[in-house]
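For the record, in the sequence shown the residue sitting at position 91 is 73 according to the working numbering, with numbers rising by one throughout. Virtual Cβ for every residue (Gly too), placed ideally from N, Cα, C.
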Amino acid sequence: MKIILVRHGQAEDETRPDSARQLTDFGQQQAAQTAEYVTTHYSPDRFVVSPYTRAQQTLSAFQSRAPQVALSVQDNVTPSDDARQALIDIANVETECLVVVCHMSIVAYIAGLLTGDYPESFSLAEARVFDMEFVMTGMATEVDRFVPDQPY
């Protein structure tokens, strides 16, 4: 099984509530680059996404390339949620190749739980691919990483 963790693209400054922040034009481009890479190299059969706007907008780039893939909104993959509980819920998704679009810092903590390593920060719209027989702490191996263009 593969789990592909994706951080959302560049978002606007915090002029509105965190859950409503939108992607910038550059963030849209980052999301498109990441979606292109992931859908070219992998065959997602399920999407899981945060309910926050910027994650939903990032996911839309994936959906435009893979419209047949089923989607679930998972309420507990927002920036301040508990990574252990989020991973338990992710583990219950029946799939062979799952793409999870969420946020810092939870995305780094989920990655750390999967590999048993210390959490490492994700770049904007970065995707990391983990391979495992089953979802359990410390049982995954990171097999690929894609980082789109970053702001300077």
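Q: Starting from the Cα of A73, find the closest Cα among A14, G(-9), E115 and R127 and give me that residue.
A: By one-based count along the sequence shown, residue 73 stands at place 91. Between A73 and the set A14, G(-9), E115 and R127, the nearest pair of CA atoms involves E115.
Q) Using the beta-carbon count (16 or more within 10 Å), is G9 buried or exposed? A) Walking along the sequence shown from the start, residue 9 turns up at place 27. Counting other Cβ atoms within 10 Å of its Cβ, G9 reaches 16 or more and is therefore classed as buried.
Q.
Relative to the C-alpha of C84, which candidate in D71, T77, E78 and V59 has its C-alpha closest?
A. Counted from its first residue, the sequence shown places residue 84 at position 102. Out of D71, T77, E78 and V59, V59 has the C-alpha closest to the C-alpha of C84.
Q: Tell me where the beta strand (DSSP E) around E124 begins and ends.
A: On the sequence shown, position 142 is the one that residue 124 refers to. Unbroken beta strand (DSSP E) run through E124: T123 to F128.
Q | Cβ-based burial, T119 [other Cβ within 10 Å; buried from 16] | A | Taking the sequence shown and counting its residues from 1, one reaches residue 119 at position 137. That one is exposed.
Q. Among T97, V75 and V111, which one has its Cα closest to the Cα of A17?
A. Looking up residue 17 in the sequence shown gives position 35. Comparing Cα-Cα distances from A17 to each of T97, V75 and V111, the minimum goes to V111.
Q) Using the C-alpha atoms, what's the distance from V75 back to A43? A) Your numbering for residue 43 matches position 61 in the sequence shown. Your numbering for residue 75 matches position 93 in the sequence shown. Roughly 22 Å separates the two Cα atoms.
Q: Run the CB neighbour count on Y134, radius 10 Å, all protein chains shown included, and call it buried at 16 or more, exposed below.
A: Here residue 134 is taken as the residue at index 152 of the sequence shown, counted from 1. Y134 counts as exposed, since fewer than 16 other C-beta atoms from the protein chains shown sit within 10 angstroms of its C-beta.
(Q) On the CB-based measure, 16 or more other CB atoms within 10 Å of its CB, does H(-10) come out buried or exposed? (A) Here residue -10 refers to the residue found at position 8 when the sequence shown is read from its first residue. Buried is the call here.
Q) So D0 is in the alpha helix (DSSP H); what residue range does that whole segment cover? A) Reading the sequence shown from its first residue, position 18 is the one you call residue 0. Bounds of any alpha helix (DSSP H) do not take in D0, whose DSSP letter is neither H nor E.
**Q.** Nearest neighbour of A2, chosen from V30, Y100 and Q38 [CA to CA]
**A.** Walking along the sequence shown from the start, residue 2 turns up at place 20. Its Cα nearest to that of A2, the residue Q38 stands out among V30, Y100 and Q38.
Q) Where does A93 fall in DSSP's three states? A) Taking the first residue of the sequence shown as position 1, residue 93 is located at position 111. Shown here, A93 sits in a helix according to DSSP, grouped into three states.
Q. For the alpha helix (DSSP H) that V20 lies in, which residues bound it at each end?
A. As a working mapping, residue 20 is identified with position 38 in the sequence shown. For V20, the uninterrupted alpha helix (DSSP H) run begins and ends at D7 to H23, by DSSP.
Q) In the DSSP assignment, what residue or residues form a beta bridge with I(-14)? A) To locate residue -14, count along the sequence shown from 1; it is residue 4. V81 and V111.
Q | Cβ pair count under 8 Å reaching 3, the segment 43 to 56 against the segment 20 to 32 | A | Flag = yes, the segment 43 to 56 and the segment 20 to 32 touch.
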